[in-house]
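Structure first, then comments.
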Amino acid sequence: MSDASTSAKGDLQLRNITKTYGDFNAVDDLTLTIPEGSFFALLGPSGCGKTTTLRMIAGLEEPTAGTIHVGSTDITDMKPYRRPVNTVFQNYALFPHLSIFENVAFGLRRRGIKDVKEQVDKVLQLVELPHLAERKPTQLSGGQQQRIAVARAIVNRPALLLLDEPLGALDLKLRRQMQIELKWIQTEVGLTFVHVTHDQEEAMTMADTIAVMNEGRIEQMGTPADLYDNPQTAFVANFLGQSNLIQGNVIATDGDSHTVDLFGQKVKVNKNRSVAKDSSILFGIRPEKIRIQENSHTNSGCVLEGGTIVDVSYIGVSTQYQVEMPWGQELMVFEQNDDGIPPLAKGDGVKLSWEPVFSFGLNGHEDASAGSEVNPTEDE
Amino acid sequence: MVAIARKSTGLNPLDSLRQKVAMPYLLLLPGMLWLLVFFLAPILTLVSTSTKVPGMGIGEFVQQYRWANYWDAITAMQTQFIRTFVYAIIATLLALAISYPLAYAIAFKSGRWKNVLLVLVVAPFFCSFILRTIAWRQILAQDGLVFKTLHSLHLISADTRLTSSAFAVVTGLAYNFLPFMTLPLYASLERIDPRTMEASGDLYANGLTTFRKVTLPLSMPGVVAGTLLTFIPAAGDFVNAQILGNPSTTMIGNVINAQYLQTTNYPLAATLSFILMIAILAIVLVYIRKSGTDELV
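Heads up: the sequence lines are chains A and B, in that order.
Just so we're aligned, residue 726 is where the first sequence starts under my numbering, counting upward by one.
Just so we're aligned, residue 609 is where the second sequence starts under my numbering, counting upward by one.
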């Protein structure tokens, strides 16, 4: 067959994709290139448009505007069954009336391939379930069904494999294991994986590149480390891990750093780690980068004084503190339990310090709580 | 648990165990009694009547255990038996052809109209069965819409009669049992996860192939249930043949009805009833075996 289902190869390009339902913009003028062979994650809270984007790539929804290309082939108006794309559905959508073997062979048979046994056996071996070939899907556990869903898709060697919250129905331990396995399979088969998830940890474990989506737009795109260390918006800073964001003003710039006034105390932030457009800045520092010490200590780096511990939770590897600052805001501090010193107590007066390289600056006119009220571990 | 049970019921453990064993049988008792009185007893009476022969007086029959009655009945009513099953099968297929798209549309395409449409499917039951069957005489009459349409399409000539015909009987059968076909079909289609159909499209199957390989196999329990619920009452029906048919469209139900109520030949009526029952049972068993629905989830 000479259609695109087998021939099209190359980068996936979404150009100015918009999808509206009534007057609601599910996806808003999205432009995105996903390089061939990469493991790409679309990350965002429920209703951010990530699943809609995936369904448009699969051909299950039609974009209101914009085009989708695989390499040089325009697939925007192509029927789903003609696209060089296969999907691993959220609840697997295995065919309950067919055996595991026939489930996996389904795509091959539809493309008129007569001798499917070798390919099916090979992919069942890849997912380590060759002994279940004659079973029915309902006789398999959730984790096994998940692997069969992956096998059923990758046996077709699509240009693109789409994964729609593929691990959402599994328990935590199995999810961890499958994350590593999926990443391994992707490296093994070398296909482009586009993975949709609301779980930031899942995205960071597996993906080479993550696009954080919010309200139908991409907030920021980059490697997991880049997104975590250099968030560009309050939404990304809060959705990917946790951040302390403090409203402040840039009062001086010398060399390559800004001096920021935070309610009367001075701290520094690297100029190229700040995206503030004017003197109004949201000063950011991750909780695990902060050192917490009793007032009597002397500190290096940036220091904020006058904190009072209002809550202590001991969680094994670390202790989490809520520290109320003189201006009323509560900051989070995660302290590794690796120094043998017993944790500080509620009510203690403390000062917080950190190395200036860890802090970042955001546009001060942003809502500091954006992205923090959505619970990223909650299932959709 | 035992201690609590003893306290609340005041029984010793052995008594409560006895109660546990006896409970299912107690619960079954009303149903079993019902079956005994209203199913098993009538069947035995029916079989015993079927082997009687005419006695001296009019309407008097004596038990002679004449099993040859069965052979006599089959040879005498062969035509009616065959006709009955042919009509019932055609009506069932017709109902299936009409119901499947209808049930499919209700299950997948009706959106918020789903409940309204389901009520409409059942709505005819609020009107008398006889009345609705008589209405078909009007529908198929010379000045009715069906006749005029078919005539203007030159499919039938002006002197064709649609009423009092085999066509009318089969149409009536298909119409009257349509909800029995639609509802089980709807129930099994509605249970299909639409994502399995999306997955099929995603795996290179076009609309028709998806229907053949995914939707239809997954809806087979509904097809089997629907065809049985239509075929069985259609095979035993006599109202449609009586109201919409003519003497040459007599079904076995009409014969039994006539033998009981007009000729009062009870042994023959009983024999025919029993044969009809066994024949339907045999057809149903073969059908279920062939369709292999036990393979389906």
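No residue lacks a Cβ here, since even glycine has one placed at the ideal position from N, Cα and C.
All values derive from a computational prediction rather than experimental measurement.
**Start-to-end residues for the beta strand (DSSP E) that takes in Asp801/B** = In the second sequence, the residue the question calls residue 801/B occupies position 193. Asp801/B -> no beta strand (DSSP E), and no H or E assigned at all.
**Message:** Would you call the region 940-960 of chain A in contact with the region 748-757 of chain A, where contact means no fewer than 3 C-beta pairs closer than 8 Å?
**Reply:** yes
**Message:** Looking at chain A, is there any beta carbon in it that lies within less than 8 Å of the beta carbon of Pro825/B?
**Reply:** Counted from its first residue, the second sequence places residue 825/B at position 217. Chain A, which has a Cβ nearer than 8 Å to the Cβ of Pro825/B, makes this yes.
**Item:** Alpha-carbon to alpha-carbon, Leu907/A and Asp954/A
**Value:** Taking the first sequence and counting its residues from 1, one reaches residue 954/A at position 229. Taking the first sequence and counting its residues from 1, one reaches residue 907/A at position 182. Taking the straight line from one Cα to the other gives about 25 Å.
**Asked** Going along chain B in order, which residues have a C-beta closer than 8 Å to the C-beta of Ala818/A?
**Response** Taking the first sequence and counting its residues from 1, the one referred to as residue 818/A is at position 93. Those within 8 Å of Ala818/A in chain B are Asp801, Arg803, Thr804, Glu806, Ala807.
**Prompt:** Going by the CB atoms, is the gap between Gln870/A and Leu857/A shorter than 8 Å?
**Reply:** Residue 857/A sits at position 132 when you count from the first residue of the first sequence. Residue 870/A sits at position 145 when you count from the first residue of the first sequence. No, they are not a contact pair.
**Item:** Host alpha helix (DSSP H) of Ser656/B (start-end)
**Value:** Counted from its first residue, the second sequence places residue 656/B at position 48. Residues 649-658.
**C-alpha gap between Phe820/A and Thr804/B, whole angstroms** = Locating residue 820/A in the first sequence gives position 95, counting from the first residue. Locating residue 804/B in the second sequence gives position 196, counting from the first residue. So the two alpha carbons sit approximately 6 Å from each other.
**Request:** Please name the residues in the region 891-908 of chain A whose beta-carbon is closer than 8 Å to at least one beta-carbon of chain B, in chain order.
**Result:** none
**3-residue-minimum beta strand (DSSP E) runs that sit fully inside the region 902-986 of chain A, ordered along the chain** = 917-922, 934-939, 942-947, 969-979
**Alpha carbon of Phe1085/A to alpha carbon of Gln1018/A, nearest angstrom** = In the first sequence, residue 1085/A corresponds to position 360, counting from 1. In the first sequence, residue 1018/A corresponds to position 293, counting from 1. The alpha-carbon of Phe1085/A is positioned some 22 Å away from that of Gln1018/A.
**Message:** Less than 8 Å between CB atoms is the rule here; does Leu785/A satisfy it with respect to chain B?
**Reply:** For the purposes of this step, residue 785/A is taken as residue 60 along the first sequence, with counting starting at 1. With 8 Å as the cut-off, Leu785/A counts as an interface residue toward chain B.
**Prompt:** Can you give the Cα-Cα distance for Gly1026/A and Phe1008/A, rounded to whole angstroms?
**Reply:** Here residue 1026/A is taken as the residue at index 301 of the first sequence, counted from 1. Here residue 1008/A is taken as the residue at index 283 of the first sequence, counted from 1. Whole-angstrom Cα-Cα distance: 15 Å.
**Three-pair Cβ contact test at 8 Å for the region 772-780 of chain B versus the region 738-748 of chain B** = yes
**Asked** Hey, how far is the Cα of Glu890/A from the Cα of Trp1052/A?
**Response** If you number the first sequence from 1, residue 890/A lands on position 165. If you number the first sequence from 1, residue 1052/A lands on position 327. Those two C-alpha atoms are separated by around 41 Å.
**Message:** Runs of 3 residues minimum, wholly inside the region 739-796 of chain A: which ones carry the beta strand (DSSP E) assignment?
**Reply:** 749-759, 764-768, 790-795
**Asked** Which residues share a DSSP beta bridge with Asp889/A?
**Response** For this step, residue 889/A is matched to residue 164 along the first sequence. Paired residue(s): Val921/A.
**Request:** Out of Gly784/A, Asn811/A, Val813/A, point me to the one whose CA is closest to Asp799/A's CA.
**Result:** As a first step, residue 799/A is located in the first sequence; it is residue number 74 there, counting from the start. If we check each option's Cα against that of Asp799/A, Gly784/A comes out closest.
**Item:** Short Cβ contact (8 Å threshold) for Ala703/B with Leu641/B
**Value:** If you number the second sequence from 1, residue 703/B lands on position 95. If you number the second sequence from 1, residue 641/B lands on position 33. Taking 8 Å as the Cβ cut-off, Ala703/B and Leu641/B do not qualify as a contacting pair.
**Prompt:** Roughly how many angstroms lie between the CA atoms of Phe775/B and Ala795/B, to the nearest whole one?
**Reply:** Residue numbering aside, residue 775/B sits at position 167 when the second sequence is read from its first letter. Residue numbering aside, residue 795/B sits at position 187 when the second sequence is read from its first letter. If you take the alpha carbons of Phe775/B and Ala795/B, they lie about 30 Å apart.
**Item:** N-terminal and C-terminal residue of the beta strand (DSSP E) that Met1057/A is part of
**Value:** The residue given as residue 1057/A occupies position 332 in the first sequence. From DSSP, the beta strand (DSSP E) with Met1057/A extends over 1055-1061.
**Message:** Can you confirm whether Ile612/B, when its beta carbon is compared against all beta carbons of chain A, has any partner nearer than 8 Å?
**Reply:** In the second sequence, residue 612/B corresponds to position 4, counting from 1. Because Ile612/B sits at a pLDDT of 48, beneath the cut-off of 50, its placement in the model cannot be relied upon, and the following sentence gives the value as read from the coordinates. Ile612/B does not count as touching chain A.
**Prompt:** By how many angstroms is the C-alpha of Thr789/A removed from the C-alpha of Asn741/A?
**Reply:** Along the first sequence, read from residue 1 onward, the residue named residue 741/A stands at position 16. Along the first sequence, read from residue 1 onward, the residue named residue 789/A stands at position 64. When rounded, the distance between both Cα atoms is 10 Å.
**Item:** Boundaries (first-last residue) of the beta strand (DSSP E) holding Tyr1039/A
**Value:** Locating residue 1039/A in the first sequence gives position 314, counting from the first residue. Taken as a continuous stretch (DSSP letters only), the beta strand (DSSP E) holding Tyr1039/A covers 1027-1039.
**Asked** What runs of the beta strand (DSSP E), each 3 residues or longer, lie entirely inside the region 829-901 of chain A?
**Response** The region 829-901 of chain A contains, as complete beta strand (DSSP E) runs of 3+ residues, the segments 885-889 (chain order).
**Message:** Tell me which residues of the region 819-835 of chain A have at least one Cβ-Cβ distance to chain B shorter than 7 Å, keeping chain order.
**Reply:** Against chain B - using a Cβ distance shorter than 7 Å - the residues of the region 819-835 of chain A are Phe820, Pro821, His822, Phe831, Gly832, Arg835.
**Prompt:** How many whole angstroms separate the CB atoms of Thr871/B and Gly667/B, which I take to be in contact at a CB cut-off of 8 Å?
**Reply:** Along the second sequence, read from residue 1 onward, the residue named residue 871/B stands at position 263. Along the second sequence, read from residue 1 onward, the residue named residue 667/B stands at position 59. No, Thr871/B and Gly667/B are not in contact; Cβ-Cβ is about 10 Å, not under 8 Å.
**Message:** On the DSSP letters alone, give me the boundaries of the beta strand (DSSP E) that Tyr1046/A sits inside.
**Reply:** Counted from its first residue, the first sequence places residue 1046/A at position 321. Where Tyr1046/A is concerned, the enclosing beta strand (DSSP E) stretches over 1043-1049.
**Asked** Can you find a C-beta in chain A that's less than 8 Å from the C-beta of Thr757/B?
**Response** Indexing the second sequence from 1 puts residue 757/B at position 149. Answer no: the Cβ-Cβ gap between Thr757/B and chain A never drops below 8 Å.
**Message:** Quick check on the burial criterion: 16 or more other C-beta atoms within 10 angstroms. Buried or exposed for Leu643/B?
**Reply:** The count along the second sequence starts at 1 and reaches residue 643/B at position 35. The residue is exposed, with fewer than 16 neighbouring Cβ atoms inside 10 Å.
**Message:** Please identify the residue among Phe826/A, Lys839/A, Ile838/A whose C-alpha is closest to the C-alpha of Lys847/A.
**Reply:** Position 122 of the first sequence, counted from the first residue, corresponds to residue 847/A. Comparing Cα positions, the closest option is Phe826/A.
**Prompt:** Would you say the region 1078-1092 of chain A touches the region 959-970 of chain A, given that touching needs at least three Cβ pairs under 8 Å?
**Reply:** yes
**Prompt:** If you draw a straight line from the C-alpha of Lys775/A to the C-alpha of His920/A, how long is it?
**Reply:** Here residue 775/A refers to the residue found at position 50 when the first sequence is read from its first residue. Here residue 920/A refers to the residue found at position 195 when the first sequence is read from its first residue. If you take the alpha carbons of Lys775/A and His920/A, they lie about 9 Å apart.
**Asked** Mind checking Lys821/B: buried by the 16 CB within 10 Å criterion, or exposed?
**Response** One-based indexing of the second sequence puts residue 821/B at position 213. Taking every protein chain shown into account, the CB of Lys821/B has 16 or more other CB atoms within 10 angstroms, so this residue is buried.
**Message:** In this structure, how does DSSP classify Lys991/A when only helix, strand and coil are distinguished?
**Reply:** Here the question's residue 991/A lines up with position 266 in the first sequence. In the structure shown, Lys991/A sits in a strand (DSSP, three-state: E or B).
**Asked** Out of Ile1066/A, Val1037/A, Ile905/A, Arg872/A, which has the shortest C-alpha to C-alpha gap to Val852/A?
**Response** Residue 852/A sits at position 127 when you count from the first residue of the first sequence. Checked all of Ile1066/A, Val1037/A, Ile905/A, Arg872/A; the closest Cα to Val852/A is Arg872/A.
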